[in-house]
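Following: one structure in C-alpha cells, then a few remarks.
Chains as they are written, first to last, in the numbering used here: chain A, 1337 to 1447; chain B, 9 to 123.
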C-alpha cells in the first residue's frame, strides 16, 4: 500500500495560515493525493485532492511538490472550527478508491 | 442536498447478538464503502460496492461480517454473534463512480457498543 507520513500534531493561532505537511515518497504516477479531516464525533469530511498541479477550493489549497513526493495542505486563515484530525491519503488507481487512513495530524487552533 | 445517512446513530447490544447497520448513500452515487474506526484508531476499510459488480470484501475481518446493497442504493452491514472487539464506529461513505479521483462523502457513523 502506498504510505503517507504526517506529523502527529500541530498548533496554530486563530486567523493565521496553517501549513500541514505530508510525505509520500512511494507515490505512483497515477495516485491521487486526497485530504480529509475529521471533527470530533463526526465522519471524515473531504477537503481537497490533486494529482500533479496545485489546487484551490473554498476550504483550502493543496501544494504538490514537483516530484510529487510531498504535499502541503494550506488553510489560509485558521478558525476554531478547523480544529480536527487531518488525513493525507493516496488514492491508488485501480483499488476501487478505497482509502487507507493513517493516524493523521491533530490540529489545535488557539483563540 | 441530503448527505449520507446512517442508522442507528448509536447501538448497544449484548455479546453474541446479531446487529444490522444501515446506510443511505447520496442519491446517484454508484460507489458505496464501509469503514470502521476503533477507539483512538484510524479508519479501517471493510467492504466496497460499485454498481452491479461483485463487492470487494477484502477488508472484512471475519465471516461474521457481511454486507449487501439492494437496488444499488441502501446498504446493510450485518455482524453476527457480536464480540466485544467489534465495538467501534462504523462509517459509510459514497462517491459518484468509485474512481480514485472522486471524493468520498461520509456519514456520521453508527457507534456500536458490545457489552
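For each residue, glycine too, the CB sits at the ideal point set by N, CA and C.
Just so it is clear, the structure is predicted and the values come from calculations on it, not from any experiment.
Separation of residue j from residue i, as counted between CA atoms
{"i": "residue 1437/A", "j": "residue 51/B", "result": "6 Å"}
{"i": "residue 1366/A", "j": "residue 1340/A", "result": "15 Å"}
{"i": "residue 112/B", "j": "residue 123/B", "result": "32 Å"}
{"i": "residue 79/B", "j": "residue 44/B", "result": "23 Å"}
{"i": "residue 118/B", "j": "residue 13/B", "result": "10 Å"}
{"i": "residue 72/B", "j": "residue 89/B", "result": "7 Å"}
{"i": "residue 4/B", "j": "residue 1345/A", "result": "What is shown of chain B runs 9 to 123, which leaves residue 4/B out entirely."}
{"i": "residue 1348/A", "j": "residue 23/B", "result": "43 Å"}
{"i": "residue 120/B", "j": "residue 92/B", "result": "10 Å"}
{"i": "residue 1389/A", "j": "residue 19/B", "result": "44 Å"}
{"i": "residue 56/B", "j": "residue 96/B", "result": "19 Å"}
{"i": "residue 15/B", "j": "residue 1408/A", "result": "35 Å"}
{"i": "residue 114/B", "j": "residue 107/B", "result": "16 Å"}
Residue i - containing beta strand (DSSP E), residue span
{"i": "residue 124/B", "result": "The shown model of chain B, from 9 to 123, leaves out residue 124/B, and the question about it has no answer."}
{"i": "residue 1346/A", "result": "1345-1349"}
{"i": "residue 82/B", "result": "First-last for residue 82/B: undefined, no H or E at that position."}
{"i": "residue 1421/A", "result": "1420-1427"}
{"i": "residue 1374/A", "result": "1368-1374"}
{"i": "residue 1386/A", "result": "1381-1386"}
{"i": "residue 1359/A", "result": "1354-1359"}
{"i": "residue 1398/A", "result": "1397-1400"}
Integer Cβ distance of residue i from residue j, believed to fall under 8 Å
{"i": "residue 1410/A", "j": "residue 1399/A", "result": "6 Å"}
{"i": "residue 86/B", "j": "residue 26/B", "result": "7 Å"}
{"i": "residue 1356/A", "j": "residue 1415/A", "result": "Going by Cβ atoms, the distance from residue 1356/A to residue 1415/A rounds to 15 Å, so no, they are not a contact pair."}
{"i": "residue 1435/A", "j": "residue 53/B", "result": "7 Å"}
{"i": "residue 99/B", "j": "residue 1379/A", "result": "5 Å"}
{"i": "residue 1353/A", "j": "residue 1412/A", "result": "6 Å"}
DSSP beta-bridge partners of residue i
{"i": "residue 19/B", "result": "120/B"}
{"i": "residue 27/B", "result": "87/B"}
{"i": "residue 64/B", "result": "56/B"}
{"i": "residue 101/B", "result": "41/B and 114/B"}
{"i": "residue 76/B", "result": "84/B"}
Residue environment, residue i, which counts as buried when at least 16 other CB atoms sit within 10 Å
{"i": "residue 1370/A", "result": "buried"}
{"i": "residue 48/B", "result": "exposed"}
{"i": "residue 77/B", "result": "buried"}
{"i": "residue 1446/A", "result": "exposed"}
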